[in-house]
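A.B. asks: Count the sequence shown with mature numbering (1 follows the signal peptide of the UniProt record, and there is no 0) and you get residues -19 to -1, 1 to 667, in order. One structure, as structure tokens, below. Some questions next.
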Amino acid sequence: MWVKLCCLLLYFLALFVLARVFEAVAWYESGFLATQLVDPVALSFRKLRTILECRGLGHSGLPEKKDVRELVEKSGDLMEGELYSALKEEEASESVSSTNFSGEMHFYELVEDTKDGIWLVQVVANDRSPLVGKVHWEKMVKKVSRFGIRTGTFNCSSDPRYCRRRGWLKSTLIMSVPQTSTSKGKVMLKEYSGRKIEVEHIFKWITAHAASRIKTIYNSEHLKEEWNKSDRYRVKIYLFANLDQPPAFFSALSVKFTGRVEFIFVNVENWDNKSYMAEIGIYKTPSYILRTPEGIYRYGNNTGEFISLRAMDSFLRSLQPEVNDLFVLSLVLVNLMAWMDLFITQGATIKRFVVLISTLGTYNSLLIISWLPVLGFLQLPYLDSFYEYSLKLFRYSNTTTLASWVRADWMFYSSHPALFLSTYLGHGLLIDYFEKKRRRNNNTDEVNANNLEWLSSLWDWYTSYLFHPIASFQHFPFDSDWDEDPDLFLERLAFPDLWLHPLIPTDYIKNLPMWRFKCLGVHSDEEMLETFQDSESDSDSENKEVFSSEKEVSEDDELNTFHRRSEGEPQCGAETCSCANKYCHREPYERKVRSYGSYSTAGDMEPDWSAWPSEMLHCTECVVCLENFANGCLLVGLPCGHVFHQNCIVMWLAGGRHCCPVCRWASYKKKHPYTHPQPLSNDTPS
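Take a look at the structure:
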């Protein structure tokens, strides 16, 4: 998880640097930045009209370019970034979808139950033509959709009873606007009563009703009273402008942020005394002033703060977010982080997608589960102070220059989704390249695995855990006193064939105890060489019992891990050990095994039993290869207490014989630890 989080942070850093590179390239080619102001005098009539349409100001009665330019100047400063976005939006020929209501419940669910948006619905009466024609309706839909106004069509033929109850006996236009200034308040429906069925007249009707919800100030006394008033609104945004009514984007935002931000329009058209404006720091108009408990913030001075619906919506969301905004942000970040698994995972293609689906399900489930207590926590009444401090932190952090850059980059990449996806894919391919190179340097075999090999290993793993789950999850040493395993016995009764073909995984082998065989004293090299030659000549005349029929070794990953633990360690050879007193302490009830624990008198040095685990039996010979333990060789002990050469017992267990070669006790099951008897003072080894 931390690796994917670091990769995601690196990706965001790369996006930030790439945006700065794009700004440098644009400045080099055109000689201006996105934050530079544009002189409206230098713009054409078409561009000025496009700016007014994006801001939501009517211009139908302004045939002269001079009048249009003055209206642009009265609504706010124009930046290069806003001009570019407006022209790009006009050139886009994407059709905006409109909802077709199927009946009363559908209409109530989307329109009357929506408390934070504006709807424009065309009602078509029975056997009547619509009030607005198809061509004009499409223009109307495209025009109002810029300001977040949703549209739809209700045909009374689908539910004539509801139309009669509502009084919709003729085709008309219905507009729904929240009635109160509180969040989740009532919705009121208004019917269009104008005679002119034109796009501009209908749009003026919509903006007039939306602007009526905004508090308007016409004189300095009213401004002073409102400025010094303290009420439940912690965040207020003022528009000081010489306009008849606020722009449509300003009115639409007032509906969207109902209950969170209060929008106030200060009409300074007929003001003679503007001294109080100077007292509060307002020296020019138009100005967008954000007033918070922390102070005053002038909107439009930082990067990406354009006079448009999208830019101001992003700004206000960062200052006064809803819980739903935070949830959506966390959902996007978690899924972006989960998709990194597609590139971090190495091996077969099917394996990558299986791991990706598993990661997506896990991360999204954990996200939803973690949000449930947070929502309950926020509902507690005595946490209002915590909520206020959290919003204060948001306001402090999101009014910085760095936050304005982040918002500008977010708007840029969200308007260019192809660029966002291509950079994410390129970042993922770089991660895949470096991860593959790192694993190849570590000699990891899974890099070159194909789909069939991985599916085969997945099936083996699934069947192993399906038929023998208890053996798979038990690790040695065990903390439980459960000696007998009735569940495994019942499983084998249910599947008799498993007696002949056990499916017990070998992952427990890496947890078996391993240590070196040491003696209390070591002979010189000449004595060791002489002893080795004598033992070699004697061993030529003997027939050694070896288990030559069991030589197939499993290629299990855990077994490879076990071998890597002993890589580079000296292995036991055929030479005899120079330790004397080779004996094995045994419990009275243990059955005798031929040659296990026997000793020779080749030397006079005693083994160092202090290096042995306490639960292991003391012996000096491996019953698998019938060789004595050499000084420094690796030994492995089983849960029953018997000890063997590391190579010998690993080959024995990997061949499918999951039991001790001496007592046949299961090699993956715990046995009561063996306690060595305390020898008497006159005991002699035998």
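From the three backbone atoms N, C-alpha and C, an ideal C-beta is built for every residue, glycine too.
1) Mark L59 as exposed unless 16 or more other C-beta atoms lie within 10 angstroms of its C-beta, in which case mark it buried.
2) Tell me the rounded alpha-carbon separation between I630 and E587.
3) Checking the sheet assignment: what are the DSSP bridge partners for G133?
4) Does DSSP put P588 in a helix, in a strand, or in coil?
5) Quick check on E608: does DSSP put it in helix, strand or coil?
6) Spatial neighbours of C144 within its chain, please: CB distance less than 6 Å, with the 5 preceding and 5 following residues excluded, ordered by chain position.
7) Tell me, please, which residues DSSP counts as bridged to F(-4).
8) Buried or exposed for Y489, going by 16 or more other Cβ atoms inside 10 Å?
9) F287 lies in the beta strand (DSSP E); which residues open and close that run?
10) Assign V527 to one of two classes, buried (16 or more other C-beta atoms within 10 Å of its C-beta) or exposed (fewer than that).
11) Classify Y368 as helix, strand or coil using the three-state DSSP reduction.
12) Out of curiosity, what's the CA-to-CA distance linking S56 and D108?
13) Where does S595 land, buried or exposed, given buried means 16+ other C-beta within 10 angstroms?
14) Relative to the C-alpha of E207, which residue among Q226, I245, T31 is closest?
15) Roughly how many whole angstroms lie between the Cα atoms of G98 and Y269?
16) Closest to F296 by C-alpha separation, out of F308, V309, R279, V304, would be which residue?
17) Does the Cβ of K650 have 16 or more other Cβ atoms within 10 Å, making it buried, or fewer, making it exposed?
18) Per DSSP, M60 is paired with what?
19) How many Å lie between A23 and I331 at the Cα?
20) Quick check on DSSP: helix, strand or coil for N345?
21) Does the contact criterion of 3 or more C-beta pairs under 8 Å hold for the stretch 339 to 349 versus the stretch 224 to 242?
22) Please state the DSSP three-state secondary structure of P594.
23) Using only alpha-carbon positions, find the residue among F(-8), L52, E61, L(-11) that is nearest to L18.
24) Can you tell me whether R36 is buried or exposed? The criterion is at least 16 other CB atoms within 10 Å of its CB, across all chains shown.
25) Is the Cβ-Cβ distance between F184 and G133 less than 7 Å?
26) Assign W391 to one of three DSSP states: helix, strand, or coil.
27) Please identify the residue among F230, N316, F358, V617 whose C-alpha is closest to the C-alpha of K124.
28) Which one or two residues does DSSP pair with R279 in a beta bridge?
29) Roughly how many angstroms separate the alpha carbons of I218 and T266, rounded to a whole number?
30) Pull up the DSSP beta-bridge partners for A647, would you.
31) Just verifying my parser: in three-state terms, what is the DSSP assignment at K196?
32) Am I right that L29 and K46 are in contact with their C-beta atoms under 8 Å? What's the rounded C-beta distance?
33) Are the stretch 283 to 298 and the stretch 382 to 392 touching, with three or more C-beta to C-beta distances below 8 Å?
34) Give me the Cα-Cα distance between R176 and N223, rounded to the nearest whole angstrom.
35) With a cut-off of 8 Å on the beta carbons, I'd call V643 and H626 a contact; round off their distance for me.
36) Buried or exposed for P227, going by 16 or more other Cβ atoms inside 10 Å?
C.D. replies: On the basis of the supplied data:
1) Buried is the label assigned to L59, since at least 16 other Cβ atoms lie within 10 Å of its Cβ.
2) Their backbone Cα atoms lie some 24 Å apart in a straight line.
3) Listed as beta-bridge partners of G133 by DSSP are T80, V102.
4) DSSP places P588 in the strand class (E or B) of the three-state scheme.
5) Here E608 sits in strand by DSSP.
6) Cβ within range, chain order: C137.
7) Bridge partners of F(-4): none, in fact.
8) Buried.
9) Going by DSSP, F287 is part of no beta strand (DSSP E) at all; its letter is neither H nor E.
10) Only weak support exists for where V527 lies, its pLDDT of 33 falling under 50; the value from the coordinates is given anyway. With fewer than 16 other Cβ atoms within 10 Å, it is exposed.
11) Three-state DSSP puts Y368 in a helix.
12) Approximately 44 Å between the Cα atoms of the pair.
13) Using a 10 angstroms sphere on the CB of S595, the tally of other CB atoms stays under 16, which defines it as exposed.
14) Ranking the options by Cα distance to E207, first place goes to I245.
15) Cα to Cα, the separation comes out at about 23 Å.
16) Looking at the Cα atoms, R279 is the closest of the given residues.
17) Its Cβ being crowded by 16 or more others within 10 Å, K650 is buried.
18) According to DSSP, residue pairing for M60 in a beta bridge involves L18.
19) Between the alpha carbons of A23 and I331 lies a distance of about 59 Å.
20) In the structure shown, N345 sits in a helix (DSSP, three-state: H, G or I).
21) By the Cβ rule, the stretch 339 to 349 does not count as touching the stretch 224 to 242, because fewer than three pairs are nearer than 8 Å.
22) Correct three-state label for P594: coil.
23) The shortest Cα separation from L18 among F(-8), L52, E61, L(-11) belongs to E61.
24) Buried.
25) No. Outside cutoff.
26) It is helical.
27) Residue nearest to K124 within the set F230, N316, F358, V617 is F230 (criterion: CA-CA distance).
28) I270, per the DSSP bridge assignment.
29) Counting only the Cα atoms, T266 lies some 14 Å from I218.
30) Beta-bridge pairing links A647 to C640.
31) In the structure shown, K196 sits in a strand (DSSP, three-state: E or B).
32) That belief holds up - the Cβ atoms of L29 and K46 are roughly 7 Å apart, short of 8 Å.
33) These segments touch.
34) Taking the straight line from one Cα to the other gives about 29 Å.
35) Contact doesn't hold; Cβ gap of about 14 Å is too wide.
36) A residue is called buried when at least 16 other Cβ atoms come within 10 angstroms of its Cβ; P227 meets this threshold and is buried.
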